[in-house]
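Numbering (UniProt numbering), first residue to last: 1 to 481. Yeah, the Cβ is synthetic: ideal placement off N, Cα and C, and Gly gets one too. Below you'll find the structure, written out as structure tokens, and then a few comments.
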DNA sequence: ATAGGGTTAG
């Protein structure tokens with residue numbers, strides 16, 4: 001195990017020959033960490049840098065226990081390396097996702113003792129975890145008590161906590177906090193934009209408009225972000241007509257005062273109209289923006305391609321894709337994902353697979369978990385279990401570890417054929433996901449156990465039950481720092 | 001990670 005580590009390092013012969021050692025490869029190190037036993041020590045010779053550590057933590061994101069173990073080893077066993085604040089923040093995020101409360105706080109204490117934090121960003125991460133796991137009050141309290149942990153509250157952190165609450169759909173809670181404290185922190189245009197966006201996210205555009213009116217009354221001038229947010233809100237809540245009129249109004253003001261509309265405005269309208277089924281109008285707006293001298297971005301193309309896939313034909317979507325490449329745009333992962341989805345949706349599995357090859361070989365884009373999850377969904381939907389499992393294998397061996405969705409998709413897919421051997425696979429997947437720090441829903445758990453019992457796999461079922469009853473306490477103990 | 005546009009699912 002250790003040899004692999006040393007291989008990528010500065011060996012004495014390389015140094016003697018005055019050759020630059022190859023930079024350590026995060027992918028190779030991540031693979032090694034995944035395959036090595038938990039006690040395996042890291043080579044002391046690796047030239048660790050925050051960038052290297054961060055890219056490894058990101059690669060191991062969906063294997064939280066291993067990621068934390070790696071972080072911990074480097075923190076404690078490595079004499080000369082001290083983790084950077086950004087690595088701490090990543091580790092804290094991972095620990096919070098694993099519900100390792102004790103670990104989160106000891107990491108925060110450690111940051112403090114090293115005098116490298118915690119920063120407002122650190123608290124934003126923890127608050128986000130609270131808010132998205134149904135504990136918005138804890139998120140608010142964390143913000144209110146930040147100063148006790150050596151981190152001052154300011155307008156920026158106030159805006160952040162509001163945004164965190166809004167993005168996790170706790171808009172009422174955010175609005176409450178906003179009204180209580182907007183005086184103390186002198187709310188600015190960003191604060192108001194966050195709240196406007198919040199109401200828009202839960203499709204309450206009348207409330208958003210109310211806040212918009214209020215900000216003007218209080219002497220805060222809305223900017224283009226405010227209007228783009230509102231515009232998106234109309235389309236999101238299905239108010240296509242209001243959205244369109246708002247867009248026209250924005251254009252009119254552009255001529256008058258000169259607030260300007262930009263590529264984001266146009267992208268919002270192209271997407272909004274298209275999703276509403278108004279494909280012709282969406283295309284017209286796309287052409288209009290070019291005439292008006294606002295260059296479409298990759299995101300604009302992605303919006304149009306998605307809309308054509310959904311409401312028109314995948315052939316037209318492919319044409320737009322080819323045209324954008326011809327014009328010199330570089331399609332990104334989203335472009336490919338949208339297009340592959342379109343092809344799979346149309347039953348064109350072969351062309352979808354080809355597009356995936358194109359993306360990796362010619363496009364220089366690595367397939368993401370969205371790519372894999374979506375393709376597996378389609379394969380399982382029509383009973384192509386082997387195809388889905390093949391993709392799953394590729395994920396595990398490539399640089400993209402399966403996430404919670406992946407496991408859920410696959411496990412439920414194992415029930416379509418009603419075969420005994422599929423139940424065993426489902427059981428193995430369940431064990432693996434727990435090992436990697438994911439918490440299966442009770443429903444998933446019972447379904448797999450029932451499946452095993454009904455197909456005569458009592459032994460395996462019992463094994464799973466035993467490992468589960470231990471895993472909770474094991475996880476929390478292992479990473480207490 | 002102080003705010004707005006593309007990836008799922010009606």
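Chain-order list of residues whose beta-carbon lies under 8 Å from that of residue 462 (same chain, five-residue window excluded): Reading the first chain from its first residue, position 462 is the one you call residue 462. Cβ neighbours of residue 462 beyond the five flanking positions: none.
If you follow the alpha helix (DSSP H) that residue 102 is part of, which residue opens it and which one closes it? Within the first chain, residue 102 is the residue found at index 102, counting from 1. Per DSSP, residue 102 belongs to the alpha helix (DSSP H) from 101 to 113.
Could you check where the alpha helix (DSSP H) with residue 236 kicks off and where it finishes? In the first chain, residue 236 corresponds to position 236, counting from 1. First-last of the alpha helix (DSSP H) with residue 236: 224 to 236.
How is residue 329 classed by DSSP in three states: helix, strand or coil? Numbered from its first residue, the first chain carries residue 329 at position 329. Coil, per DSSP.
Reduced DSSP category for residue 98 - H, G, I as helix; E, B as strand; rest coil: Your numbering for residue 98 matches position 98 in the first chain. Of the three classes helix, strand and coil, the one that applies to residue 98 here is coil, per DSSP.
Once DSSP output is grouped into helix, strand and coil, what is the label at residue 294? For the purposes of this step, residue 294 is taken as the residue at position 294 of the first chain. Three-state DSSP puts residue 294 in coil, outside helix and strand.
Comparing C-alpha positions only, which one of 294, 341 and 328 sits nearest to residue 309? Locating residue 309 in the first chain gives position 309, where the first residue counts as 1. The shortest Cα separation from residue 309 among 294, 341 and 328 belongs to 341.
Taking 7 Å as the limit between beta carbons, can you name the residues of its chain near residue 223, skipping five residues before and five after? Along the first chain, one-based indexing puts residue 223 at 223. Same-chain partners within the cutoff: 189.
Give the single residue among 187, 298 and 416 whose Cα lies nearest to the Cα of residue 327. Here residue 327 is taken as the residue at index 327 of the first chain, counted from 1. Taking only the C-alpha atoms, the option nearest residue 327 is 298.
Simplified DSSP assignment, three categories, for residue 317: As a first step, residue 317 must be located in the first chain, where it is residue number 317. Helix at residue 317.
Helix or strand or just coil, what does DSSP make of residue 57? Looking up residue 57 in the first chain gives position 57. Residue 57 falls in the helix class under three-state DSSP.
Alpha helix (DSSP H) runs contained entirely in the UniProt repeat "PPR" (188 to 222), provided each spans 4 or more residues: Within the UniProt repeat "PPR" (188 to 222), the alpha helix (DSSP H) runs of at least 4 residues that lie entirely inside it are, in chain order, 189 to 201 and 205 to 217.
Which value, in whole angstroms, describes the spacing of the CA atoms of residue 466 and residue 386? In the first chain, the residue the question calls residue 466 occupies position 466. In the first chain, the residue the question calls residue 386 occupies position 386. Cα to Cα, residue 466 sits roughly 29 Å from residue 386.
Less than 8 Å between the CB atoms is what I'm expecting for residue 155 and residue 177, so what's the real figure, rounded? What you label residue 155 is simply residue 155 of the first chain in a count that begins at 1. What you label residue 177 is simply residue 177 of the first chain in a count that begins at 1. About 13 Å; that fails the 8 Å criterion.
Between residue 68 and residue 87, which are expected to be in contact by the criterion C-beta below 8 Å, what is the C-beta distance as a whole number of angstroms? Residue 68 sits at position 68 when you count from the first residue of the first chain. Residue 87 sits at position 87 when you count from the first residue of the first chain. Not a contact, Cβ separation roughly 12 Å.
Proximity to residue 225 [Cα-Cα], best of 281, 373, 212 and 217: To locate residue 225, count along the first chain from 1; it is residue 225. Nearest C-alpha to residue 225 among 281, 373, 212 and 217: 212.
Closest residue to residue 173 among 195, 261 and 122 (Cα-Cα distance): The residue you call residue 173 lines up with position 173 of the first chain. Residue 195 is the option with its Cα nearest to residue 173.
I need the boundaries of the alpha helix (DSSP H) containing residue 484, first residue and last residue. No answer is possible for residue 484: it lies beyond the span of the chain, which begins at 1 and ends at 481.
Below 7 Å between beta carbons: does that hold for residue 267 and residue 303? On the first chain, residue 267 is found 267 positions in, with the first residue counted as 1. On the first chain, residue 303 is found 303 positions in, with the first residue counted as 1. Yes; because the gap between Cβ atoms is below 7 Å, this pair is in contact.
Whose C-beta lies closer than 6 Å to the C-beta of residue 477 among residues of the same chain, with five residues either side of it excluded? The sequence position of residue 477 within the first chain is 477, counting from 1. Annotation note: pLDDT 41 at residue 477 (below 50); position unreliable, coordinate value reported separately. Nothing meets the Cβ criterion.
Nearest CA to the CA of residue 407: which residue from 432, 422, 399 and 394? Your numbering for residue 407 matches position 407 in the first chain. Answer by Cα proximity: 432.
In the DSSP assignment, find the unbroken alpha helix (DSSP H) run with residue 46 in it and report its ends. For the purposes of this step, residue 46 is taken as the residue at position 46 of the first chain. Here residue 46 belongs to no alpha helix (DSSP H), and DSSP marks it neither H nor E.
Apply the 10 Å Cβ neighbour rule to residue 339 and answer buried if 16 or more other Cβ atoms are within range, or exposed otherwise. Position 339 of the first chain, counted from the start, is the residue given in the question as residue 339. It is buried - the Cβ of residue 339 has at least 16 other Cβ atoms within 10 Å.
CB-CB under 7 Å to residue 464, same chain, minus the five flanking residues each way: which ones, in chain order? Counting from one through the first chain, the residue named residue 464 turns up at place 464. Apart from the 5 residues on each side of it in sequence, residue 464 sits with its Cβ closer than 7 Å to the Cβ of 427, 430, 431 and 449 in its chain, given in chain order.
Sorted by chain position, which residues of the same chain lie with C-beta nearer than 7 Å to residue 360's C-beta, five sequence neighbours on each side aside? Start at 1 with the first residue of the first chain, and residue 360 comes out as number 360. Result list for residue 360: 366 and 367, in chain order.
Are residue 21 and residue 52 closer than 7 Å when you measure CB to CB? In the first chain, residue 21 corresponds to position 21, counting from 1. In the first chain, residue 52 corresponds to position 52, counting from 1. It is not a contact, given that the beta carbons lie outside the stated cut-off.
Assuming contact is defined by CB atoms lying nearer than 7 Å, are residue 98 and residue 64 in contact in what I supplied? Within the first chain, numbered from 1, the residue matching residue 98 stands at position 98. Within the first chain, numbered from 1, the residue matching residue 64 stands at position 64. Cβ distance < 7 Å, so residue 98 and residue 64 count as in contact.
Classify residue 346 as helix, strand or coil using the three-state DSSP reduction. For the purposes of this step, residue 346 is taken as residue 346 along the first chain, with counting starting at 1. Residue 346: coil per DSSP, three-state reduction.
Taking just the CA atoms, how far does residue 79 sit from residue 50? Reading the first chain from its first residue, position 50 is the one you call residue 50. Reading the first chain from its first residue, position 79 is the one you call residue 79. Each residue's alpha carbon lies about 15 Å from the other.
Just the Cα atoms here: how many angstroms apart are residue 379 and residue 388? Within the first chain, numbered from 1, the residue matching residue 379 stands at position 379. Within the first chain, numbered from 1, the residue matching residue 388 stands at position 388. Approximately 6 Å between the Cα atoms of the pair.
Assign residue 113 to one of two classes, buried (16 or more other C-beta atoms within 10 Å of its C-beta) or exposed (fewer than that). Locating residue 113 in the first chain gives position 113, where the first residue counts as 1. Residue 113 comes out exposed.
As assigned by DSSP and simplified to three states, the class of residue 366: Your numbering for residue 366 matches position 366 in the first chain. Residue 366 falls in the coil class under three-state DSSP.
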